[in-house]
Every structure is written in structure tokens, then in C-alpha cells.
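With this note's numbering, letter number 268 in the sequence shown gets 520, and the count goes up by one each step, no holes. Glycine included, each C-beta is placed from N, C-alpha and C at the ideal position. This one's a predicted model, so the numbers in the text were calculated from it and none came from an experiment. Below: one structure, written as C-alpha cells.
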Amino acid sequence: MKFSKVSQLGLVSTLGLLVATLLSGCMIVTIDYVYVACSSGSGAGSAGQIQVFAADAESGALRMVDTTVPSGGTQPVALATTADYENLYAANAGNNSLVHFAIAGDGSLTQKDSVTLPFTPTSVAVNLAGTYLYVVGGNNPGELAVYSLSSGTIGSLSATETLTVPGFTTDLIAATGVTVLNNGTGVFVAAYDQSAYNPGGSVTSSANPGWVFGYAVGSNGALTPTNGSPYQAGVKPSALTADPTNRFLYATDFASNQLIGYTIESGNTLEFMVAGPFKTGNEPSSLAIDPRGIYIYVANSLSSTLSAYSISAPTGTPSTVIAATGSANNQTDSQPVSLIIDPSLGRYVYTANYLGNSISGFRLNPNTGALTTTLATPYPTGANPTALVAIPHGNHAVQEVTP
């Protein structure tokens with residue numbers, strides 16, 4: 253009998269989890285719930301969905317634990333949670349919607365409210381206080397929209413910022429990522445100038461293609477561009493994140509296969525890190541920093557690999573971490589496009605693999621930053637997963653399993 257790839261992955265995952273259960277004294281300890289946004293089918297009009305997985309403390313293996321929930325639209329592209337892990341937000345590019353879900357103690361989701369966005373979204377972030385939600389997207393022009401939050405409920409549109417490059421105000425800017433500093437004082441947006449970046453076509457602008465836009469956040473949520481914004485960011489920045497101490501900012505350059513590092517100076521202005529940019533795999537599309545701010549990981553979509561780096565505490569400079577195999581890269585399933593680190597222990601790394609229709613899992617060595625694969629990885633998902641988020645599972649529930 254011949255099995256499809258999804259069937260084979262499911263069989264391997266099931267057998268692996270059974271072995272893990274037997275070896276761990278007939279006990280599965282859930283440390284995190286992992287949410288993945290994907291599609292119910294491969295067609296552009298297929299309904300979006302959110303699947304819920306539980307992460308096992310001993311092995312890092314994932315198992316599906318709840319009924320799949322509609323994402324509220326088609327083509328979900330981004331997920332975010334509040335810092336208290338009680339609310340989840342899904343951005344759907346197919347119908348320009350932003351949908352709010354309440355998260356129950358068992359990880360299940362209940363849709364609460366939604367808004368229609370003024371543009372097609374690409375990325376979403378929530379500030380640490382849970383008072384503002386930031387969405388970026390569009391390309392004619394690119395925009396940043398800010399929504400107020402009240403106990404998780406999406407409120408009114410409180411601010412919008414049009415992304416334009418000084419001197420090139422008619423160029424088409426495409427926003428690709430957004431991140432908020434933990435202290436709530438700054439917001440950064442990754443974007444590229446489509447008029448300057450046009451592979452296979454004629455370049456109509458002499459502007460630098462890649463940019464990071466910086467904004468200071470006022471006490472009432474108002475945004476003010478930081479001095480020197482926007483800042484150059486290679487050719488085609490695809491994602492960005494800040495370290496937990498609010499001292500360093502990193503952006504992946506999809507077109508140049510590089511990780512760009514910045515130091516965050518007074519007033520949340522940016523300066524390039526010395527010795528940067530830093531080499532990645534091919535077409536880096538996502539990145540994440542572990543909760544301690546010691547290691548940074550980059551998902552390379554074309555290479556189907558993860559790059560690992562240690563972060564210098566004084567300077568923020570990333571240095572390549574070599575895996576136990578002797579390689580600088582860690583193999584994932586096909587085309588990883590989203591990357592998270594588990595928030596409970598900071599010991600497991602997961603990627604959403606767009607063409608693999610799966611999640612790849614890795615165990616993070618807290619002493620070296622090196623990665624090893626988790627049990628039974630990869631874990632099957634719906635079609636074309638695009639985004640991941642995770643929440644810690646309280647005091648870790650223990651489920652007794654009869655062998």
C-alpha cells in the first residue's frame with residue numbers, strides 16, 4: 253500500500269509520540285500550546301484555519317489537541333498574542349480582516365470580534381501592555397495601522413502611517429514586518445521600495461530598495477518618526493525583531509541572504525552594527541530571539557534550513573553557532589516561513605513550512621545555542637502554513653496515558 257506524504261508524516265509522528273509516552277513513564281506534560289495559521293486547501297480561495305498543538309516537556313514533540321478553528325477569512329498570513337496569553341489575533345490577506353480570539357486555559361480558541369483592515373495585511377504585533385495592536389501591509393502605498401485594545405477587544409483605528417521614502421514619495425513601498433519594543437516606546441516596520449527592487453524588470457527609481465521605518469510611541473499611542481527614519485535595510489527586508497533588552501534590532505534581507513543588525517540608540521534611532529551584515533542561508537524569511545536574549549535563529553525559506561547565532565551581550569553582534577553535525581545550518585521541511593521559540597522554557601524552536609505542510613521542531617541547547625531535532629518531527633499541518641505563535645500552558649497540565 254502506498255501512503256501520501258501527509259499520511260507518512262502522520263504515521264511517523266504517531267509512532268514517535270507513542271514511544272515518547274512509554275519512555276516518559278506513561279505521562280505527557282504539556283508546556284506550551286502552539287498555534288499555526290494555514291489553509292484548508294491549496295487553492296487561493298480555500299478557507300483559512302488555525303490549528304492548535306501541545307508541546308511535550310520531555311521531547312518537544314507536538315500533538316494536535318483541539319478542533320481546528322476558522323481564521324475568519326482566507327489566506328491567513330500573521331498571528332500575534334497579548335503578553336498575558338489570553339488573546340490571539342489573526343490577520344487574513346484574502347479578505348483584509350483582523351480577527352480576535354479568546355484563549356481558554358486548555359488552549360482552545362473562541363472567536364470574539366473582528367475588523368476590516370484598510371489594506372492587505374502582511375504582519376501584526378501587540379505591545380507588551382496589551383493596549384495597542386499594530387498591523388502593516390499594502391503596497392500602494394505601504395501602511396502601518398494602529399488599533400486600540402481593551403481587555404483584548406479590538407477598538408477603533410487610532411492612527412495610520414503611510415510609508416514613504418524621502419525624495420521618492422511616489423514610489424511603491426511594500427511593508428513586510430512589524431515589531432514593538434518591550435518597553436513600548438518604539439515601533440519598527442520593515443519594508444522595501446518596489447520601484448527600486450524589480451527583478452526581471454526595469455528599475456524606475458534610484459532609491460535604496462530596503463528600509464526600516466522607526467516610530468516613537470507617545471503616552472496616548474501617537475506615533476512620531478524617529479530621527480533619521482527610514483533607515484537603510486539592504487535590498488528586501490522580510491522580517492525584524494528586537495532583543496528583550498530593547499538594545500538591538502535585527503532584520504532579515506530576503507534578497508541578499510543576510511541578517512542586518514542595528515543598535516538602538518537614544519530616542520530609538522538606529523545605527524548599523526559593526527562588522528555587519530551577517531551571512532544567512534538562502535532567502536531568510538523569519539527570525540526569533542530566545543527569551544534570555546542570548547541566541548537568535550533565522551529561517552531560510554529557499555534553503556529549507558535554520559541558521560543559529562549567539563548574541564554578544566555588549567555589542568549585539570551575532571556569531572554563527574555550529575550544530576553537533578558540524579554544519580552551520582539545521583535542516584527543516586520545505587520552505588520555512590515562520591519561526592518561534594517556546595515561551596515556557598525557551599528550549600524548543602519550531603518552524604512553519606509552507607511547502608512541506610508541516611511544522612519542524614528542534615531542541616535548543618541552552619548552553620551553546622545548538623539545535624537538535626525533536627522527536628517525530630516534522631508534524632503535519634493543513635495546507636501552506638504561514639504563521640506560528642505559542643503560549644505557555646500555566647503550571648503545565650499532566651495527562652495520564654494508558655500504555
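Check whether the segment 309-324 and the segment 282-295 are in contact - that is, three or more C-beta pairs closer than 8 Å.
Under the three-pair Cβ rule at 8 Å, the segment 309-324 counts as touching the segment 282-295.
Nearest to Phe371 by alpha carbon, out of Ala381, His645 and Glu395?
Nearest neighbour of Phe371 by Cα position, chosen from Ala381, His645 and Glu395, turns out to be Glu395.
Indicate the three-state DSSP secondary structure (helix, strand or coil) for Asn552 in the structure shown.
If DSSP states are grouped into helix, strand and coil, Asn552 belongs with the strands.
is_contact[Ser555, chain B] using C-beta, thresh 8 Å:
Given the protein chain composition of this structure (a single chain), no chain B is represented.
Report back the beta-carbon spacing between Asp542 and Ile283 to the nearest angstrom; my notes put them in contact at under 8 Å.
No, Asp542 and Ile283 are not in contact; Cβ-Cβ is about 15 Å, not under 8 Å.
Hey, Leu331 and Leu340: beta-carbon distance below 8 Å or not?
Contact: yes.
Which residue's Cα is closest to the Cα of Gly519: Phe614, Thr334 and Asn435?
The residue with the shortest Cα to Cα distance from Gly519 is Asn435.
DSSP state of Gly519, grouped into three classes?
Here DSSP, grouped into helix, strand and coil, assigns Gly519 to helix.
What do you get for Gly438, buried or exposed, if any count of 16 or more other CB atoms within 10 angstroms of its CB means buried?
Under this definition Gly438 is a buried residue.
Identify, in the order they occur along the chain, each residue of the same chain with its Cβ nearer than 6 Å to the Cβ of Ser596, setting aside the five sequence neighbours on each side.
The answer, listed in chain order, is Ile283, Asp284 and Pro644.
Hey, which unbroken runs of the beta strand (DSSP E) at 3 residues or more fall wholly within the segment 436-523?
The segment 436-523 contains these whole beta strand (DSSP E) runs: 438-445, 462-469, 475-477, 489-494, 500-505 and 510-516.
Per the contact definition of three or more C-beta pairs closer than 8 Å, is the segment 573-589 in contact with the segment 604-611?
Between the segment 604-611 and the segment 573-589, the count of C-beta pairs closer than 8 Å reaches three or more; the two stretches touch.
First and last residue of the uninterrupted beta strand (DSSP E) at His352:
That run of the beta strand (DSSP E) goes Ser349 to Ile355.
Note the first and the last residue of the continuous beta strand (DSSP E) segment covering Asn391.
Run containing Asn391: none; DSSP gives neither H nor E here.
Could you give the distance in angstroms between the alpha-carbon of Gln651 and the alpha-carbon of Val281?
Any reading at Gln651 needs caution, since the residue's pLDDT is 38, under 50, leaving its predicted position unreliable; the model's value is listed next. Between the alpha carbons of Gln651 and Val281 lies a distance of about 7 Å.
Do Leu623 and Gly598 have their C-beta atoms closer together than 8 Å?
Taking 8 Å as the cut-off, the beta carbon of Leu623 is found no closer than this to the beta carbon of Gly598.
Own chain, CB closer than 8 Å to Leu500, minus 5 neighbours either side, in chain order
The identity of residue 500 in the sequence shown is Phe, whereas the question assumes Leu. Answer for Phe500: Ala494, Gly513, Tyr514, Thr515, Ile516, Met525, Ile563 and Gly568, listed in chain order.
Whole-angstrom distance between Gln327 and Leu471, CA atom to CA atom
The question names Leu, but residue 471 in the sequence shown is Ser. Ser471 and Gln327: Cα-Cα distance of roughly 34 Å.
Quick check on DSSP: helix, strand or coil for Leu274?
At Leu274 the pLDDT is 43, less than 50, meaning the model places this residue with poor confidence; the figure from the coordinates comes in the next sentence. Collapsing the DSSP output to three states places Leu274 in a helix.
In chain order, each alpha helix (DSSP H) run of at least 4 residues that lies wholly inside the segment 285-328:
As far as the segment 285-328 is concerned, it has no whole alpha helix (DSSP H) run of at least 4 residues.
I believe Pro489 touches Ala442 by the beta-carbon criterion, under 8 Å. Please report the beta-carbon distance rounded to the nearest angstrom.
Between the beta-carbon of Pro489 and that of Ala442 there is about 4 Å, and that keeps the pair under the 8 Å contact cut.
Drop a sphere of 10 angstroms on the beta-carbon of Pro618, count the other beta-carbons inside from all chains shown, and report buried for 16 or more, exposed for fewer.
Exposed, by the Cβ-count rule.
Please list the segments of the beta strand (DSSP E) lying wholly inside the segment 603-634, counting only runs of 3 or more residues, in order along the chain.
Listed in chain order, the complete beta strand (DSSP E) runs (minimum 3 residues) inside the segment 603-634 are 610-616 and 623-625.
Determine the contact status of Gln510 and Thr478, defining contact as a CB-CB distance below 8 Å.
Result no, Cβ atoms of Gln510 and Thr478 do not sit closer than 8 Å.
Pro461 to Leu539, Cα distance in whole Å?
The straight-line gap from Cα to Cα measures roughly 20 Å.
On the criterion of 16 or more Cβ atoms from any shown chain inside 10 Å, does Leu263 qualify as buried, or is it exposed?
Residue placement at Leu263 is flagged as unreliable, the pLDDT there being 49, under the threshold of 50; the coordinate-derived value follows with that caveat. That one is exposed.
Whose C-alpha, out of Asn534, Gly407 and Ser403, is nearest the C-alpha of Thr368?
Selected option, being the one with the closest Cα: Gly407.
Counterpart residues of Thr557 in DSSP-defined beta bridges:
In the DSSP output, where bridge partners are listed per residue, Thr557 has Asn552 and Gln583.
Using the Cβ count rule (16 or more neighbours within 10 Å means buried), how would you classify Thr414?
By the neighbour-count definition (other C-beta atoms within 10 Å, threshold 16), Thr414 is an exposed residue.
For Gly705, report the span of its beta strand (DSSP E) as first-last.
An answer regarding residue 705 cannot be provided, because it is not within the stretch 253 to 655 covered by the chain.
Just the Cα atoms here: how many angstroms apart are His352 and Ser294?
Rounded to whole angstroms, His352 and Ser294 show a C-alpha spacing of 24 Å.
Would Pro393 pass as a contact of Thr416 if the rule is Cβ separation under 8 Å?
For the 8 Å CB-CB criterion, Pro393 and Thr416 form a contact.
Between the C-alpha atoms of Phe305 and Thr334, what's the straight-line distance to the nearest angstrom?
Each residue's Cα considered, the two are about 18 Å apart.
Name the residue from Tyr483, Asn498 and Asn636 whose alpha carbon lies nearest to the alpha carbon of Glu523.
Checking every option, the nearest Cα to that of Glu523 belongs to Tyr483.
Taking the straight line between their C-alpha atoms, what separation do you get for Val388 and Val430?
Counting only the Cα atoms, Val430 lies some 7 Å from Val388.
How is the beta strand (DSSP E) around Pro418 delimited, first residue to last?
Looking at the DSSP string, Pro418 is not in any beta strand (DSSP E), and its letter there is neither H nor E.
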